[in-house]
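Read the structure below first, then the notes.
Residue numbers (this note's numbering): 2 to 532.
Right, dumping it as structure tokens:
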């Protein structure tokens, strides 16, 4: 089997077109080819009058070695078959525990279950089907459940997002993550799209299917079960103190993967009290920016906008300012909505999500500015948490409570005046928005950087700095403000047997990288258990 990369195909390509393109690249007749399949597909919109797909194909052909020698084309290589190999070994002495059931915890538990180790999962929130009701109540009525919300519960924060599966890492475990999600009911296109996404409407079903798979393999998932302390024996982990419905008990374990997500601030405080090594970490803050979906589609695809093969357009923009700060777009949600993502009472947090169809009237993204310990206004590893909290509480007060969010037209923001109305772009944030001035809830360094960046980003993407576009904030939870340190064996130096994992520990940024880190931590648990 040969792998062909950089193969251009029209937007309406068929299976016959795949074979024809492969034959052309290999310089052989179509009759010489066996199976030809699509491996990866991305949109090439650099030429607005000739938008197409750039694809990777795999093709069966006789005499591969001779053909490769004749072609001498680095776009044609032998295909590398990859299949994740489950770690082998004896059963662990004690059942491993996984704390948190977001992407990192879920894939850690899945791998442990597939290897016969019957993990115990402790999740502070609710099953995804009950969690959906809590989130809908918050968005509709402004009533927040601090233990069941966009941040906490089965599926983690990623369950209420676009379900983007892009990552900057090249780890081969990514393929296992995608295959498991597809097997759990996620759209099969995630296996071939260069920028795969599942969609908020499809994610809960996939999450539920993975949970059921873990249970069928002998694992256990305990919901509404919050870790509140650690037990030690000989300096190492011997158990976890948990609280369920106000009742405390101890779960005995010598190995636990801590995958609590980037918003488990009470757990960060617990780790600090327990003397585990933590560091304040740089992250980014800003606001969501909304445009009409059709505006973004036209800017990216020109006359091809609206073609059914393309769907809603995405973008990824960035610039570096003279003040030394980077400003960039993040978590772009084509045809999506801005969502309320608070997990603490008295604070406003924004995020974005899209359904699978990405067919909403607006498209949105986070417009973020890099910040670091020098901005936090305090010392200690949790200074970034307090920095986030101050912005969230200021936004709550600014918008009058009830978890409405402050919002501002871009024209008003750039002119330094408070918005008193909205124009052509209607806000999608729920529970609701209030026209305001984001400078009253975001730090000056952040708003000045956003203001300087908007015209520059508008030159990268026509219309991005359109005056009618809408900013809704604050966006404070793009990544963890804390890094929970771990050694080369992935264990905490302060508590052997505890494996800080995923986005909350500062070792991932997004669904796929968190899931991959979950797999790595599960592998480390099994390797340690065999010693």
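A virtual CB, placed ideally from N, CA and C, is assigned to each residue, including glycine.
Contact annotation: residue 104 and residue 516 have beta-carbon atoms nearer than 7 Å. The shortest CA-to-CA distance from residue 84 to any of 375, 124, 5 and 181 is the one to 181. Taking the C-beta atoms as reference points, residue 109 is found no nearer than 7 Å to residue 100. By the C-beta criterion, the region 291–310 is judged not to be in contact with the region 244–258, since fewer than 3 inter-stretch pairs fall below 8 Å. Secondary structure note for residue 36: its beta strand (DSSP E) is the uninterrupted segment 34–45. Using a Cβ-Cβ distance cut-off of 8 Å, the region 39–58 and the region 178–194 are in contact, since at least three pairs of beta carbons, one from each stretch, lie closer than that value. In the structure shown, residue 387 adopts helical secondary structure according to DSSP, grouped into three states. Restricted to the region 184–231, the beta strand (DSSP E) segments that are unbroken, complete and at least 3 residues in length are 221–223, listed in chain order. The way I'd put it, the region 402–421 does touch the region 432–450; three or more beta-carbon pairs between them come closer than 8 Å. As DSSP reads the structure, residue 354 sits in a beta bridge with 338. 7 Å or more divides the Cβ of residue 507 from the Cβ of residue 479.
Counting only residues of its own chain and dropping the five nearest sequence neighbours on each side, residue 307 has a CB closer than 7 Å to the CB of 298. Proximity to residue 61 across 53, 392, 45 and 33 peaks at 33, based on C-alpha coordinates.
If you ignore the 5 residues before and after residue 29, its C-beta comes within less than 8 Å of the C-beta of 62 and 68, all in its own chain and listed in chain order. Here the region 519–526 makes contact with the region 163–181; the two share three or more CB pairs at distances below 8 Å. Look at the beta carbons and you see the region 231–240 not touching the region 121–134: under three pairs across the two are nearer than 8 Å. The C-beta of residue 216 has fewer than 16 other C-beta atoms within 10 Å across all chains shown, which makes the residue exposed. Secondary structure of residue 431 (DSSP, three-state): strand.
A straight line joining the alpha-carbon of residue 335 with that of residue 315 spans about 6 Å. Counting along the chain, the unbroken alpha helix (DSSP H) around residue 447 starts and ends at 445–461.
In its chain, beyond the 5 residues on either side, 123 have a beta carbon closer than 6 Å to the beta carbon of residue 223. For residue 500, the uninterrupted beta strand (DSSP E) segment begins and ends at 499–501. Residues 382 and 484 of the same chain have their beta carbon placed closer than 6 Å to that of residue 280, with the five preceding and five following residues left out of the count. Excluding residues up to 5 positions away in sequence, 96, 98 and 221 lie with their Cβ nearer than 6 Å to the Cβ of residue 121 in the same chain.
Where residue 138 is concerned, the enclosing alpha helix (DSSP H) starts and stops at 129–142. In the same chain as residue 24, and ignoring 5 residues on each side of it, the C-beta atoms closer than 8 Å to its own belong to 30, 31, 33 and 34, in chain order. If you compare the alpha carbons of 358, 471, 398 and 397 with that of residue 410, the shortest gap goes to 471. Residue 413 has its alpha-carbon roughly 8 Å from the corresponding atom of residue 468. Between the region 267–276 and the region 134–141 there are fewer than three inter-stretch CB-CB distances shorter than 8 Å, so the stretches are not counted as touching. If only uninterrupted beta strand (DSSP E) runs of at least 3 residues are considered, those enclosed by the region 287–331 are 319–321.
With 16 or more neighbouring CB atoms inside 10 Å of its own CB, residue 263 falls in the buried class. Three or more pairs of CB atoms, one per stretch, sit closer than 8 Å, so the region 309–324 contacts the region 443–462.
Under DSSP, residue 56 takes part in a beta bridge, and its partners are 8 and 42. In the DSSP assignment, residue 21 falls outside any beta strand (DSSP E) and lies within the alpha helix (DSSP H) extending over 16–27. For residue 89, the closest of 18, 115, 285 and 53 by C-alpha to C-alpha distance is 115. Taking the Cα positions, residue 344 is about 38 Å away from residue 92.
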